[in-house]
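Novice: I have a structure I would like to understand better, so I am pasting it below and will then ask my questions one at a time.
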Amino acid sequence: MLLAIAAIVIGLLVLVLSADRFVEAAAALAHHFGVSTLLIGMVILGFGTSAPELTVSVISAVEGRPALALGNAFGSNIANIALILGVVALLKPVPVHSQVIRRELPILAVVTVLVLWQIYDGILSQWDAAGLLIVFAGVMLWSVVRGRGNHADTLTEEVNQQLARLDRSPKWAAAWLVLGLLLLIGSSRLLVWGAVTIAQLFGVSDLIIGLTVVAIGTSLPELAASIAATRKGENDIAVGNVVGSNLFNTLAVIGLAGVIEPIEVPPEALSRDWPFMVGLTLAVFVFGYGKGREGVINRWEGALLLASFVGYTGFLIIQQQGA
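All residue numbers for the sequence shown refer to numbering that gives the first Met the number 0, where the first residue is 0 and numbers rise by one.
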C-alpha cells in the first residue's frame with residue numbers, strides 16, 4: 000500500500016509541474032509563430048490547464064477503467080467551481096466582466112445538461128462521446144469567431160500581459176512541449192495505477208476515487224493558475240480558467256474517454272454527482288451575472304462555495320464508509 004500511496008503523491012506532483020511547463024511552453028511557442036492572443040487565451044491557457052484531466056482520463060479508458068475517467072471529469076468540474084473559485088474569492092472578490100466569459104457561462108450550463116441527456120440511459124456510448132467531441136469543436140469555432148470582433152475585451156488584454164512575461168526561446172518551448180507531454184503521460188499512468196490499487200485494497204469504487212483524490216489532484220494546476228492570476232489583478236483569467244476547464248472536461252475529456260471505451264454510468268453519478276455539479280454551475284451563473292451590478296463573486300459567496308465542497312466531500316466519505 001505504501002508503494003501505491005507513493006505512486007499517487009509522486010504522480011500528482013510530476014503531473015502538476017509538467018502540466019504547468021507544458022502549458023507555458025505551448026503558449027510561448029504559439030505566440031512565437033504568430034497565433035492570435037485570443038486563441039492562445041481560450042485554447043492553450045483556458046483549456047490547457049485541463050491537460051492533467053485529459054491524460055488521466057485517456058489512460059484510465061485505455062486501461063479499462065472508464066468510471067475513473069467519468070469521476071475525474073465530474074469531480075474536477077466540482078472542484079474547479081467549489082474549491083478553486085471558493086478559495087480565490089475568499090482571498091479577493093472576483094469581478095466577472097469579460098464579455099467572452101459571460102457568453103461562455105450559459106454555454107457551460109447547456110453542455111452540462113447535454114451530458115445528462117447522453118448518460119441518462121446509464122451508458123455513454125462511443126457515438127454519444129463522438130457527439131460531445133463534435134459539440135466541443137463547434138463551441139471552440141464559435142468562441143474564436145465571436146471573439147475576433149471584440150479586440151478590447153479584458154480577457155485579451157490580460158492574456159497579452161501574461162504572454163509578455165513568457166520570455167522563452169522557441170527551442171526552450173519546443174523542448175518543454177515534448178518533455179512536458181511525456182511527463183504528463185508517465186505521471187498519469189503512475190497516478191492511475193496508485194489510485195486503482197488503493198481503491199481495490201479498500202473496496203472503494205473507481206467513481207469515488209475519480210471524484211475525490213484524482214479530481215482534486217488534477218485540479219491543482221487550475222488552482223495555482225487562478226490564485227496567481229487573481230494576485231496580479233487578472234480576474235478574467237482566474238474565472239476563465241475555471242469556465243474553460245469545465246467546458247473542456249465536460250465535452251473533450253468525457254468525450255475522448257468515451258470514444259476509447261464506452262462508459263457505464265453508475266446510478267449515483269446521475270442522482271448525486273451530476274445534480275451537485277449543475278447546482279454549482281448555476282451558482283456561478285448567478286454570481287457572475289449579478290443583479291443590477293457588475294457580476295462579482297464576493298467573499299461570502301466564495302465561502303459558500305468552499306463550504307459546499309467540504310460538505311460534498313465529507314458526504315462521499317461517510318457514504319463510502321456506510322457502504
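Positions of the beta carbon are idealized from the N, C-alpha and C atoms, including for glycine.
Bear in mind that the values here come from a model prediction, so they are computed numbers and not experimental data.
(1) Please report whether the beta-carbon of A198 lies at a distance below 9 Å from any beta-carbon of chain B.
(2) Would you give the residue range spanned by the beta strand (DSSP E) that V95 belongs to?
(3) Buried or exposed for A306, please, with buried defined as at least 16 other CB atoms from any protein chain shown within 10 angstroms of its CB.
(4) Name the residue from K91, A128, V61 whose alpha carbon lies nearest to the alpha carbon of E300.
(5) Which residues does DSSP list as the beta-bridge partners of V295?
(6) Identify the continuous alpha helix (DSSP H) that holds N76 and give its terminal residues.
(7) Tell me where the alpha helix (DSSP H) around S56 begins and ends.
(8) Decide if R230 is buried, meaning its Cβ has at least 16 other Cβ atoms within 10 Å, or exposed.
(9) Pick from I9, I197, G185, V283: whose alpha carbon is nearest that of A238?
(10) In angstroms, rounded to a whole number, what distance separates the CA positions of A66 and G209?
(11) Measuring straight from C-alpha to C-alpha, what distance separates N297 and E23?
(12) Looking only at its own chain, which residues have a Cβ that is under 7 Å from the Cβ of L315, when we skip the five neighbours before and after it?
(13) Leaving out five residues before and five after L246 in sequence, what residues of the same chain have Cβ atoms less than 8 Å from its Cβ?
(14) According to DSSP, what are the bridge partners of E263?
(15) Verify the contact flag: W116, CB atom, against every heavy atom of the ligand COA, threshold strictly below 8 Å.
(16) To the nearest angstrom, how far is it from the Cα of W126 to the Cα of G257?
(17) Distance, Cα to Cα, S56 vs V203?
(18) Hey, out of W141, I4, A25, whose CA is closest to V177's CA?
(19) In angstroms, rounded to a whole number, what distance separates the CA positions of G243 and A18?
(20) Which residues mark the beginning and the end of the alpha helix (DSSP H) in which A172 is found?
(21) Quick one: using the 10 Å Cβ neighbour count with 16 as the cut-off for buried, is V112 buried or exposed?
(22) With a Cβ-Cβ cutoff of 9 Å, do V195 and L69 count as a contact?
(23) So, is L336 buried or exposed, given that buried needs 16 or more other C-beta atoms within 10 angstroms?
(24) Going by the beta-carbon positions, is the gap between V252 and E52 smaller than 9 Å?
(25) Closest to P261 by C-alpha separation, out of D120, F21, S49, would be which residue?
(26) Among residues of its own chain, excluding the 5 on either side of L12, which ones have a beta-carbon nearer than 6 Å to its beta-carbon?
(27) Tell me which residues share the same chain as S59 and place their Cβ nearer than 6 Å to its Cβ, disregarding the 5 neighbours each side in the sequence.
(28) Leaving out five residues before and five after E62 in sequence, what residues of the same chain have Cβ atoms less than 7 Å from its Cβ?
(29) Report the rounded CA-to-CA distance for F308 versus G85, giving the unit in angstroms.
(30) Between the C-alpha atoms of G193 and I7, what's the straight-line distance to the nearest angstrom?
(31) Compare the C-alpha of M0 against each of S124, V114, A50, F201 and name the closest.
(32) For A302, count the other beta carbons within 10 Å of its own beta carbon; 16 or more makes it buried, fewer makes it exposed. Which is it?
(33) Give the secondary structure of S218 by DSSP, where H, G and I count as helix, E and B as strand, and everything else as coil.
Specialist: Result, derived from the coordinates:
(1) The chain labelled as chain B is not found in the depicted structure, where only one protein chain is given.
(2) 93–95
(3) exposed
(4) K91
(5) P94
(6) 65–77
(7) 50–61
(8) By the 10 Å Cβ count, R230 comes out exposed.
(9) Residue identity differs from the one stated: residue 238 is Val in this sequence, not Ala. For V238, the closest of I9, I197, G185, V283 by C-alpha to C-alpha distance is V283.
(10) Here the alpha carbon of A66 sits roughly 8 Å from the alpha carbon of G209.
(11) 29 Å
(12) Around L315, the same chain offers I207, L210, T211 as residues with beta carbons nearer than 7 Å, after the five sequence neighbours per side are excluded.
(13) Excluding sequence neighbours, L246 sits near F46, E103, I106, L107, V110, F135, V138.
(14) According to the DSSP secondary-structure assignment, E263 is paired through a beta bridge with I122.
(15) For the ligand COA, the structure offers nothing, since it holds no ligand at all.
(16) 9 Å
(17) Roughly 18 Å between the two C-alpha positions.
(18) A25
(19) Between the C-alpha atoms of G243 and A18 there is a straight-line separation of about 16 Å.
(20) 169–201
(21) Around the C-beta of V112, fewer than 16 other C-beta atoms lie within 10 Å, and the residue is accordingly described as exposed.
(22) no
(23) One cannot answer for residue 336 here, as it falls past the ends of the chain, which runs 0 to 322.
(24) yes
(25) Nearest in C-alpha terms to P261, of all of D120, F21, S49, is D120.
(26) Closer than 6 Å at Cβ, skipping near neighbours: no residue.
(27) L67, A68, V191
(28) V191
(29) 9 Å
(30) Between G193 and I7, the C-alpha separation is close to 5 Å.
(31) F201
(32) exposed
(33) coil
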